[in-house]
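Going by numbering that gives the first Met the number 0, the residue at position 3 of the sequence shown is 2; the numbering climbs one at a time, nothing skipped.
Here a beta-carbon is modelled for each residue, glycine too, at the ideal position from N, C-alpha and C.
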Amino acid sequence: MKIIQIINNNVALVKKGGHEVFIVSKGIGFRKKKGQQVSEDEIEKMYILDSYEMLEHFSYLLSKSDSNDILLISRIIENAEEKLGIKVSDYLTLTLLDHLEFLLERAEKNQFIASPLIWDIRRFYPRHFELALESLQMIEKEKNLSIPSDEAASIALHFINFWDNKKSDRLLEMQTLSDIVSIIEKHYTFKIDESSTNFMRFSTHLQYFIQRIIKSELAQSEGNISLLYQQISQLYPEAFKAVQKIKIYIKHQFKADISMNEETYLMMHINRLTERIGKTDEI
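Here it is, written out as structure tokens:
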């Protein structure tokens, strides 16, 4: 296999047959150069993504991520596959790497949120939650951090999404996603590039939120969220206003109320999306 591009110390893009694939090989950035060959016995992991958009997104994430993060995510996924007895899509690497980066961003600011779904996940998906706790411990050890166990709920959702083949009403989900994006665009008075990396990241988080609405799984707020809610509201006033409009839409369409937890998550994700509009050199 011929190396097309060195992404970072441990990852390269290579040509395999008629496809471009990512490979993980520890230290490849030091050992190899573009144009050189790499043999299969040097490869620890290979990722084949099914679209140009995913390939582009993955390449961008890897180029901006810590070179050891992909190895950490690979170990987490290998543990998940072994414990759950399944083979997951390479797309899970992309979503988990994205999740890890956002988690680390929030950890720097001490912005941890008590998940409104933690008790439901523990009750209905105990294996996935335990697996997420193990993943969280791996992240803590690698990054020398102390992270609240509530954060495991969000990681568990990634495993559940790939394990559970039952799908909600896709048409309703897509329409709701479109409506919420429209609300955000009208509030901020700009058009979001839906082919951009920033939007792809945002839409992944929004899809989980919409699925919970459709399944009537929006939980009540935890008692200790109010202070963080107030802080985030003040830090991101435009995101707060946009969420109030989304609340009205959800109430009208689904007769559902968004909890303070859900509002806080939405504000953080909307701010993350909108503050990066036009910025192509950072995520």
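{"Check": "Out of Gly34, Leu103, His56, which one is the CA nearest neighbour of tyrosine 90?", "Outcome": "His56"}
{"Check": "Strictly by DSSP, which residues pair up with phenylalanine 21?", "Outcome": "Leu12, Tyr46"}
{"Check": "Of the choices Val242, Ile213, Ala11, whose alpha-carbon is the least far from that of lysine 254?", "Outcome": "Ile213"}
{"Check": "So, at 7 Å on beta carbons, what are the nonlocal neighbours of valine 180 in its own chain, with the 5 sequence-adjacent residues on each side left out?", "Outcome": "Ile191"}
{"Check": "Indicate the three-state DSSP secondary structure (helix, strand or coil) for glutamine 136 in the structure shown.", "Outcome": "helix"}
{"Check": "Is lysine 1 helix, strand or coil by DSSP?", "Outcome": "strand"}
{"Check": "Can you tell me where the alpha helix (DSSP H) with proline 236 in it begins and where it stops?", "Outcome": "236 to 253"}
{"Check": "Is DSSP giving lysine 166 helix, strand or coil here?", "Outcome": "Low confidence applies here, because lysine 166 scores a pLDDT of 45, under 50, leaving its location unreliable; read the following figure in that light. If DSSP states are grouped into helix, strand and coil, lysine 166 belongs with coil."}
{"Check": "Report, in whole angstroms, the separation of the C-beta atoms of isoleucine 269 and valine 242, which I expect to be a contact under 8 Å.", "Outcome": "7 Å"}
{"Check": "Starting from the C-beta of serine 202, find all residues in its chain whose C-beta is less than 7 Å away, skip the five residues before and the five after it, and write them out in chain order.", "Outcome": "Leu176"}
{"Check": "Just to confirm the assignment, what range does the alpha helix (DSSP H) spanning leucine 71 have?", "Outcome": "68 to 83"}
{"Check": "Strictly by DSSP, which residues pair up with glutamine 36?", "Outcome": "Lys1"}
{"Check": "Going by DSSP in three states, aspartate 65 sits in which element: helix, strand or coil?", "Outcome": "coil"}
{"Check": "Taking only the alpha-carbon atoms, compute the straight-line gap between isoleucine 85 and histidine 157 and give it to the nearest angstrom.", "Outcome": "14 Å"}
{"Check": "Grouping DSSP H, G and I as helix and E and B as strand, with all else coil, what is serine 195?", "Outcome": "coil"}
{"Check": "Under 7 Å between C-beta atoms, does methionine 259 make it to chain C?", "Outcome": "The structure shown contains no chain C, having only a single protein chain."}
{"Check": "Where does threonine 94 land, buried or exposed, given buried means 16+ other C-beta within 10 angstroms?", "Outcome": "buried"}
{"Check": "CA-CA distance, lysine 31 and serine 215?", "Outcome": "52 Å"}
{"Check": "From glutamine 4 to glutamate 193, what distance separates their C-alpha atoms?", "Outcome": "26 Å"}
{"Check": "At the level of alpha carbons, what is the spacing between lysine 166 and methionine 173?", "Outcome": "In this prediction, lysine 166 scores a pLDDT of 45, lower than 50, which makes its location untrustworthy; the coordinate-derived value is nonetheless stated afterwards. In a straight line, the C-alpha of lysine 166 is about 12 Å away from that of methionine 173."}
{"Check": "How far does the alpha helix (DSSP H) with glutamate 261 in it extend, from its first residue to its last?", "Outcome": "259 to 273"}
{"Check": "Would you grab the beta carbon distance between isoleucine 75 and methionine 45 for me? Rounded to a whole angstrom, and I think it's under 8 Å.", "Outcome": "Between methionine 45 and isoleucine 75 the Cβ distance is about 17 Å, and since that is not below 8 Å, they are no contact."}
{"Check": "How long is the line joining the alpha carbons of serine 66 and aspartate 149, rounded to whole angstroms?", "Outcome": "27 Å"}
{"Check": "Give the secondary structure of asparagine 143 by DSSP, where H, G and I count as helix, E and B as strand, and everything else as coil.", "Outcome": "coil"}
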